[in-house]
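A.B. asks: The structure that follows is given in the form of structure tokens.
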Amino acid sequence: MKYRGVAYYPEYWPEERWDEDIRLMTEARINTVRVGEFAWIAMEPAEGRYALDWLHRLFEKTGEAGIGVLLCTPTAAPPAWLTSNYPETLMVQEDGTRHTHGIRRHYCPTNRTYRNFCRAITAKLCEEFGAYENLVGWHLDNELGPERGRCYCEHCQAQYRAWLQGRYGSLEELNRRWQTRFWSVEFTDWAQVRMATGDRYPSIKLDTRRFQSDAYVDFAAEQTAVIREQCQGALITTNGMGPLFEPINYYDLYAMLDRASADQYFDIADMSADALACDAFRGYIPSAPWWMTETGSGALSNDKVPEAGQLRAWAYSALARGCEMWCFFRWRTALSGQEQELQGVLEYSGLPKRRYAAVKALFSELETVWPRFADLPPVRPKVGLVFDYTNDWAYRAARVGEKVQYKQHIEEIYRAFYDRNIPVEIAIPARELDNYSLVVIPSLPIVDPAFAGKLFEFVAKGGTVLSFPQLACRDPYNNYLPDEPPVGLRGLFGLRVAGGMYLRSYVGPDEALWHPKDKYTDQTPGVKLTLAGGETHATMRTWMEDIELDGGRALGVYTDNSFTGCPAVVEHHYGAGRTLYLGAYPNPDLLGWMVEEALLNTGITSLPTPQWVEVVPRGEYTFIMNHTPNPVRVPIQATEAVVGVYADGEASLAGYDVCVVR
Amino acid sequence: MKYRGVAYYPEYWPEERWDEDIRLMTEARINTVRVGEFAWIAMEPAEGRYALDWLHRLFEKTGEAGIGVLLCTPTAAPPAWLTSNYPETLMVQEDGTRHTHGIRRHYCPTNRTYRNFCRAITAKLCEEFGAYENLVGWHLDNELGPERGRCYCEHCQAQYRAWLQGRYGSLEELNRRWQTRFWSVEFTDWAQVRMATGDRYPSIKLDTRRFQSDAYVDFAAEQTAVIREQCQGALITTNGMGPLFEPINYYDLYAMLDRASADQYFDIADMSADALACDAFRGYIPSAPWWMTETGSGALSNDKVPEAGQLRAWAYSALARGCEMWCFFRWRTALSGQEQELQGVLEYSGLPKRRYAAVKALFSELETVWPRFADLPPVRPKVGLVFDYTNDWAYRAARVGEKVQYKQHIEEIYRAFYDRNIPVEIAIPARELDNYSLVVIPSLPIVDPAFAGKLFEFVAKGGTVLSFPQLACRDPYNNYLPDEPPVGLRGLFGLRVAGGMYLRSYVGPDEALWHPKDKYTDQTPGVKLTLAGGETHATMRTWMEDIELDGGRALGVYTDNSFTGCPAVVEHHYGAGRTLYLGAYPNPDLLGWMVEEALLNTGITSLPTPQWVEVVPRGEYTFIMNHTPNPVRVPIQATEAVVGVYADGEASLAGYDVCVVR
Amino acid sequence: MKYRGVAYYPEYWPEERWDEDIRLMTEARINTVRVGEFAWIAMEPAEGRYALDWLHRLFEKTGEAGIGVLLCTPTAAPPAWLTSNYPETLMVQEDGTRHTHGIRRHYCPTNRTYRNFCRAITAKLCEEFGAYENLVGWHLDNELGPERGRCYCEHCQAQYRAWLQGRYGSLEELNRRWQTRFWSVEFTDWAQVRMATGDRYPSIKLDTRRFQSDAYVDFAAEQTAVIREQCQGALITTNGMGPLFEPINYYDLYAMLDRASADQYFDIADMSADALACDAFRGYIPSAPWWMTETGSGALSNDKVPEAGQLRAWAYSALARGCEMWCFFRWRTALSGQEQELQGVLEYSGLPKRRYAAVKALFSELETVWPRFADLPPVRPKVGLVFDYTNDWAYRAARVGEKVQYKQHIEEIYRAFYDRNIPVEIAIPARELDNYSLVVIPSLPIVDPAFAGKLFEFVAKGGTVLSFPQLACRDPYNNYLPDEPPVGLRGLFGLRVAGGMYLRSYVGPDEALWHPKDKYTDQTPGVKLTLAGGETHATMRTWMEDIELDGGRALGVYTDNSFTGCPAVVEHHYGAGRTLYLGAYPNPDLLGWMVEEALLNTGITSLPTPQWVEVVPRGEYTFIMNHTPNPVRVPIQATEAVVGVYADGEASLAGYDVCVVR
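Here the protein sequences line up with chains A, B and C, keeping their order. This note's numbering runs 326 ahead of the 1-based position in the first sequence. This note's numbering runs 326 ahead of the 1-based position in the second sequence. This note's numbering runs 326 ahead of the 1-based position in the third sequence.
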């Protein structure tokens with residue numbers, strides 16, 4: 327990795343200790359420290375009184391040791407003097423209670439006073455530290471988003487109304503788009519309009535999510551503008567979460583930044599979701615490498631402490647997927663505070679023990695191999711998996727989201743490709759589809775005409791599209807379209823969706839008065855399939871559609887209830903290409919078969935390996951990571967291993983081992 | 327059915343669409359639309375400014391098509407201008423937060439301002455539409471009750487105190503009746519008295535429920551008075567829920583109305599509870615047929631979408647039980663709002679598909695057969711099953727309700743008769759028992775002297791009474807009587823209840839400090855029975871009583887713990903009749919045996935059928951409904967089938983089929 | 327027992343009934359009534375107007391019958407006039423809502439106005455009743471503690487700040503001790519400091535608990551001072567809960583009182599926890615007998631109603647452990663109020679039935695045998711089990727408490743001794759260890775130097791110490807020490823704890839955004855042991871430490887994950903004694919083996935009996951209680967039985983029987 331880092335809190339530890347810390351860092355081949363994201367009280371101990379000498383000394387000492395600094399604005403945790411002098415800067419929760427001091431991320435992101443303080447401290451940091459040679463770049467805030475809920479203060483409500491006025495112009499238009507006639511919800515005065523969650527209009531909830539995302543993006547934009555003005559040419563980033571972090575549209579956020587950065591405390595139980603996170607972060611800024619700003623060397627985000635070998639296998643997996651910085655959280659375990667049990671690289675005692683040894687070994691190797699991998703060509707998958715924030719929010723805002731978790735649905739589809747070692751790119755509707763051979767569309771109720779046009783063109787030229795149910799059935803305001811889905815795409819898929827039914831429908835609070843929910847059970851009707859692989863049977867779940875063919879051909883038919891005999895899976899040829907449409911949510915078997923069916927004639931090949939043994943091609947190299955404790959042999963055509971052991975047409979990997987061949 | 331209807335929302339859909347809707351309705355033999363219950367904003371877009379031309383046009387167009395209108399007052403969903411101009415009309419929840427606009431049923435039912443607006447809109451509707459020939463009748467509000475909780479605003483608190491003053495006269499009397507000396511709760515000023523729920527006095531909680539029920543009944547009475555005055559002779563109804571809706575005393579509510587109307591989204595899993603609902607609604611106004619104002623053709627209140635045949639079987643079951651209107655909710659699935667996934671008869675697209683076809687087939691048949699069934703004699707069961715709102719609330723207000731859910735207890739008993747195809751009537755203590763041969767008393771802790779007198783008389787004349795435990799042990803204020811139960815009825819049952827014990831007693835919040843509740847398990851001690859059917863063993867649950875015989879004879883004795891050998895089931899002969907008393911809550915086997923025992927010498931006979939195959943006699947006809955997907959044959963003596971197939975002494979029914987013989 | 331009592335509520339029942347009650351009490355050998363704890367409204371019906379004649383009559387009538395009165399101050403349940411005239415006396419919950427009248431324990435314990443009323447009523451009671459000969463003693467309030475939550479009103483917040491100022495002097499020192507630099511929490515004005523719970527600093531939460539305990543102790547101290555001044559020489563007590571009641575430091579509370587009193591509604595399912603409660607209460611005031619102020623004769627605190635024999639076995643178990651008063655809650659079941667289903671000795675009817683008969687039999691026997699046991703020497707166990715309130719609160723306040731419930735951890739260890747019939751004393755760090763042969767230290771992260779010194783001395787002189795993990799790793803402010811544990815005790819145990827890991831680590835709210843907690847599972851790595859009993863294998867859980875030997879010897883080594891081969895259990899000889907240290911939380915097998923190992927050479931012997939058959943030596947007697955329904959024979963060396971049957975070297979006990987031999 328180019329950057330091998332740790333989060334460091336010099337303001338927390340005695341300054342006498344710094345030299346020893348830097349000595350140990352150097353020994354562990356650490357060349358970057360991430361500093362400052364919670365240090366506001368140390369930087370500005372009283373309103374307008376800055377105390378930055380310590381940070382100058384830190385820059386100097388690390389500079390002398392050849393260590394760069396990724397400097398964070400401290401705006402995630404305002405000091406007590408700020409929020410006690412200006413209580414309106416504190417977030418108000420949906421139940422009307424205002425957060426109090428003692429936590430983090432408890433500020434109102436739209437508050438003008440708070441934003442002014444944030445601009446001022448950012449400008450001050452630029453002024454003081456912008457010229458240091460060992461400044462790696464700027465890092466905004468920390469994990470932007472609603473860790474402490476979203477703000478519903480009256481100022482945010484007013485901002486929301488202003489935002490709506492910009493979007494809809496008039497209250498009449500707003501009522502028309504939200505379709506507020508149901509239950510007499512129609513607004514007759516702007517002052518009646520408020521953000522909504524819970525059991526409210528799906529259309530209102532969707533715009534609430536949009537506004538709240540925009541508020542954080544706008545908050546970040548202000549700091550970015552300050553830095554751009556004062557430190558031209560400096561790299562700017564902020565750390566995101568994932569995979570597929572719902573609260574903020576990361577495509578909007580990272581569009582203004584130079585690096586997308588992930589905080590990813592890998593979950594050993596499911597490497598697939600971790601790989602998806604890597605691919606997602608790579609996609610936020612496709613033209614640049616991405617950074618891992620936080621990952622753990624010990625017990626942090628999950629129950630299992632990683633073995634040293636696992637740390638290495640993960641790092642190689644990320645490297646293969648375009649990662650350029652690997653930064654552990656954190657240098658030393660804190661003695662106090664909410665996270666006193668989250669382990670750093672050093673122990674409470676400050677001594678280097680097991681985790682230090684593992685990090686040192688990893689970073690020494692990553693430093694050695696980096697020159698070979700620094701200039702690899704970008705990752706270029708042939709499979710585009712569609713993801714869209716509007717649809718994510720729409721799902722959550724509508725009742726369907728109680729049945730089909732959008733994120734989980736996408737993770738399941740991604741997993742089907744991950745298990746076959748087929749590289750995937752996250753494709754958002756706003757981008758082009760030219761590079762793909764196969765486009766996979768998870769349930770996507772809201773489809774804009776531009777994206778529909780791209781899909782027609784993509785298939786006409788020979789591409790394959792695999793779509794899941796509930797396609798193109800809603801308008802951009804999260805209301806159903808008064809038409810037969812997939813609206814605007816029926817000709818592409820050769821079918822009409824006449825209707826459909828939930829296999830376990832959600833009911834409102836009224837009915838629940840006498841039908842206890844816990845009596846409900848899911849139904850999993852069957853489907854009979856005639857695929858390339860032969861005839862077979864599978865089961866569906868959650869939602870089944872009533873499909874009428876209109877040019878397409880049924881590859882699968884329902885075998886249960888009143889839908890028996892109706893089409894469940896439809897194939898259609900359009901132009902030089904082909905589409906596949908699934909009329910119900912598939913159980914895992916069916917999902918796998920549909921992926922295999924979709925791969926036909928795309929030139930994309932599966933590479934079967936034992937579970938959690940991962941193969942990632944990148945340029946002339948192929949990276950093989952064994953995320954299991956058991957040794958494996960992977961047959962693969964190559965010339966030689968540049969990392970690990972390759973002989974007789976097989977890569978040989980011990981437990982948690984890595985092999986890179988070319 | 328006389329009325330075949332749908333809920334229709336002309337104010338929601340473009341007026342250009344109405345003609346097509348009416349055409350499709352006519353084709354589906356729909357002769358009634360229920361209109362207006364959420365249309366306030368369309369009727370009165372600003373305070374005092376009415377806009378009712380659209381509704382006149384709707385009356386005219388439907389009238390021309392031979393379709394009647396059931397017109398609803400729109401008071402379930404006040405417009406935004408009303409609640410924003412008069413925020414005091416919004417309900418205050420128990421935690422002190424006030425509801426906001428964007429939902430329904432969020433008004434304070436006692437608020438004078440709100441009530442005035444309701445009177446005004448009701449009067450306006452009467453004035454404008456009272457004279458239409460195709461006006462079927464009036465429908466108050468929608469699903470009155472605490473969908474959004476009950477109101478605890480200061481105005482309601484004051485009304486509650488006024489209500490208490492009317493009930494008790496003085497604070498001294500209130501303290502005496504509530505017995506407030508425990509924990510020094512005694513009130514010394516009226517201002518100290520507030521509604522109570524949760525971990526409070528059972529006596530105070532009972533009166534809180536009484537008042538809250540009265541508040542809704544009084545709310546409905548105001549609208550009723552307006553309509554009675556302006557539209558003499560018009561039918562008035564309002565839609566209730568069930569079975570056995572707890573929040574409002576429906577006997578009080580429907581006493582002032584002309585039709586009891588049910589919203590019943592049948593639960594396929596348990597047809598018994600649905601049948602109980604039919605019998606309950608029939609009983610609210612015994613002198614008139616009852617209406618089904620809402621039922622579903624698709625996915626609404628439960629997980630399973632009904633087959634077309636199931637819709638038909640349900641409708642016949644209700645028809646046999648006295649139903650006169652069958653009204654689907656709703657004509658077309660709404661595109662927006664909280665219920666956008668609750669399916670109407672038409673699809674989002676407005677096209678008639680599966681559900682329309684099913685409804686059309688059903689209504690065509692119901693139109694054809696109705697003349698034959700229109701004038702059948704009323705249903706006249708020989709079994710009276712006692713139900714009482716005061717006891718329902720008392721149960722919920724006291725700790726016993728955590729053990730024995732009153733409604734579930736009654737449903738279990740009803741089910742024992744349903745399974746034997748024995749018609750049951752819901753008997754309330756205020757009515758006469760003359761028509762019954764058997765009276766069944768679920769746990770009824772509060773028994774007034776008048777009802778006790780009726781029971782003595784009923785048994786003296788030869789009737790049979792079967793009683794469950796916890797009979798006549800509390801006073802009307804939900805306090806235990808300082809005497810041995812069943813107080814006032816010991817002579818009838820030939821026993822004294824000396825004491826008793828919970829088999830899994832509830833403990834208060836204090837003890838729970840160190841005894842985690844999840845460690846508790848239920849005990850199910852045994853009982854040995856000597857019945858007409860022979861000697862057998864069964865188990866009891868929840869609560870067992872310490873019975874001392876006083877003239878009665880033990881048919882069952884406990885076989886477990888310190889109660890071993892004591893009477894558990896007691897038979898007593900009184901006058902020409904007989905009583906049976908169960909000293910503990912029975913498990914299902916025992917419940918069944920007790921029902922069989924109670925039927926002896928009553929002349930009532932069981933008619934065994936396979937599960938969920940239902941037989942309902944009505945006048946000269948017998949209705950047989952097969953609620954299962956499997957074909958069945960039911961041996962029955964009849965002359966001919968007027969619906970379905972009857973031959974060789976057997977009715978033959980396909981899956982979900984119906985047969986009516988005479 | 328010296329005192330055989332019932333809780334009696336003469337203010338609740340008609341005075342005409344008292345004579346009958348006293349007659350029945352006398353017949354049941356009751357010689358004590360506990361009176362007054364909820365009678366404030368009867369004692370002071372309006373502010374400053376006392377009405378105590380009824381209580382004088384009660385004293386007189388009971389005195390004539392030879393029955394003593396334990397008189398309670400009524401301060402657990404203020405009358406409505408008090409809290410409505412002075413609403414600031416009502417507790418404010420953490421969410422900011424103020425409690426309302428109608429419950430108990432809903433007052434603010436620091437409120438000056440409330441305290442003044444409490445002083446006044448206490449003084450009045452002393453003045454009126456202090457001279458009665460049949461006054462057994464004084465009882466403060468009822469079950470002091472946060473039954474209704476803790477108070478967070480602004481007055482308490484101010485008191486908390488004053489308390490902190492007393493503790494830390496300056497804000498600088500407070501920031502230094504709490505280590506507030508993390509997340510910029512540092513306080514710059516006293517007004518910013520508030521009590522904290524939930525996801526806040528462990529250091530702040532610990533002091534919040536300390537303050538809240540002190541508040542109740544101080545509340546009790548005010549009443550105590552009034553009584554001490556007015557009624558010199560009178561016994562004073564208050565009823566506590568247990569075992570090991572967390573909210574109030576009972577060592578502080580009982581230090582000022584004359585008797586420690588337990589409310590213990592025995593849990594038949596686990597007699598071990600009940601025995602622990604007895605031992606804990608005996609230890610609060612080691613120089614005096616302890617009292618059982620509340621226990622149940624029927625269904626109260628658990629699901630099972632005790633058999634008459636069980637009541638007797640429990641009472642003997644407590645007697646053997648030093649109990650002097652046995653007081654049932656309550657005389658007669660109340661008809662009204664929150665506890666109307668909690669059974670008293672008499673029925674609702676006021677008649678004496680099953681429970682009365684059991685109590686009468688028990689008290690008759692206890693009266694008869696008491697003279698023999700009245701002057702037994704104190705209980706003197708050789709095993710000291712360390713318990714400490716600061717550590718209890720620290721556990722709960724830190725994340726570790728989500729893994730290892732401190733109380734449950736101690737109960738498990740206690741159980742290992744209980745099962746072996748080895749008497750245990752609860753040892754607090756402030757007391758001496760001289761009487762013990764074995765000291766057992768449950769996880770004790772905070773160890774002060776004085777206690778460390780005692781441990782060194784104890785082992786040097788030949789004692790054995792068995793310690794569990796997480797010993798001496800935190801400072802008194804609940805922050806981790808920047809050193810290797812056990813800090814200050816490494817030389818005693820011959821090891822250093824370099825690090826460690828949770829086997830299921832807790833993660834913060836941020837990470838939980840994408841890693842659902844319900845996916846977590848526990849790991850139970852293995853350990854291989856070489857003990858006196860031979861070589862064996864066991865499993866650990868929750869937390870495992872990375873031990874480096876420094877003089878000690880590994881009796882067990884880890885066999886799993888990256889810790890394989892490292893020491894898990896360490897033995898060390900120091901002076902004439904020996905220590906054993908467990909580096910991970912043990913599963914039950916391992917816990918048992920470690921106890922056996924620790925007993926070697928201590929002279930303490932196990933006495934194996936069937937489960938729940940309990941043997942307690944006391945002076946020249948040995949008490950044997952059979953808490954099971956099955957008859958047992960217990961081989962034991964004795965001369966004769968003074969209660970029960972002893973012959974041929976065996977005590978013979980029927981189900982729930984008792985035998986006392988000497």
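Don't be surprised by glycine CBs; every beta carbon is placed ideally from N, CA and C.
1) Spatial neighbours of Tyr744(C) within its chain, please: CB distance less than 7 Å, with the 5 preceding and 5 following residues excluded, ordered by chain position.
2) Nearest chain A C-beta to Gln664(B) closer than 8 Å, yes or no?
3) Would you identify the three-state DSSP class for His841(A), choosing helix, strand or coil?
4) By how many angstroms is the C-alpha of Tyr740(B) removed from the C-alpha of Val960(B)?
5) Please report the straight-line C-alpha distance between Gln556(C) and Arg445(C), rounded to a whole angstrom.
6) Note down, one range per segment and in chain order, each alpha helix (DSSP H) of at least 4 residues found wholly within the stretch 518 to 602 of chain B.
7) Do you know offhand how far Met417(B)'s Cα is from Ala522(B)'s?
8) How about the stretch 421 to 431 of chain A and the stretch 350 to 358 of chain A: do they share at least three Cβ pairs that are nearer than 8 Å?
9) Are three or more beta carbon pairs between the stretch 872 to 886 of chain C and the stretch 748 to 764 of chain C nearer than 8 Å?
10) Which residues, in chain order, does the stretch 414 to 427 of chain C contribute to contact with chain B at a C-beta distance below 8 Å?
11) Taking all protein chains shown into account, decide if His899(A) is buried (16 or more other Cβ within 10 angstroms of its Cβ) or exposed.
12) Strictly under 8 Å for the Cβ-Cβ distance: is Lys321(C) near chain B by that measure?
13) Hey, does Trp344(C) have any beta-carbon neighbour from chain B nearer than 8 Å?
14) Using a C-beta cutoff of 8 Å, does Val511(B) count as contacting chain C?
15) Answer with yes or no whether the minimum CB distance from Arg822(B) to chain A is below 8 Å.
16) Measuring CA to CA, which of Gly860(A), Cys649(A), Glu512(A) is closest to Cys604(A)?
C.D. replies: Looking at the coordinates:
1) Ser598, Ala601
2) For Gln664(B), the nearest CB of chain A lies under 8 Å from its own CB, placing it at the interface with that chain.
3) The predicted position of His841(A) is uncertain, since its pLDDT is 40 and thus under 50; a value taken from the coordinates is nonetheless stated next. Looking at His841(A) - three-state DSSP - the assignment turns out to be coil, as it is neither helix nor strand.
4) 22 Å
5) 12 Å
6) Complete alpha helix (DSSP H) runs here, min 4: 528 to 556, 576 to 580.
7) 16 Å
8) no
9) no
10) Thr423, Thr426, His427
11) So His899(A) ends up on the exposed side.
12) Because chain C here runs from 327 to 988, residue 321(C) falls outside it and cannot be looked at.
13) The C-beta of Trp344(C) comes no closer than 8 Å to any C-beta of chain B.
14) Chain C, which has a Cβ nearer than 8 Å to the Cβ of Val511(B), makes this yes.
15) Output row for Arg822(B): interface = no.
16) Cys649(A)
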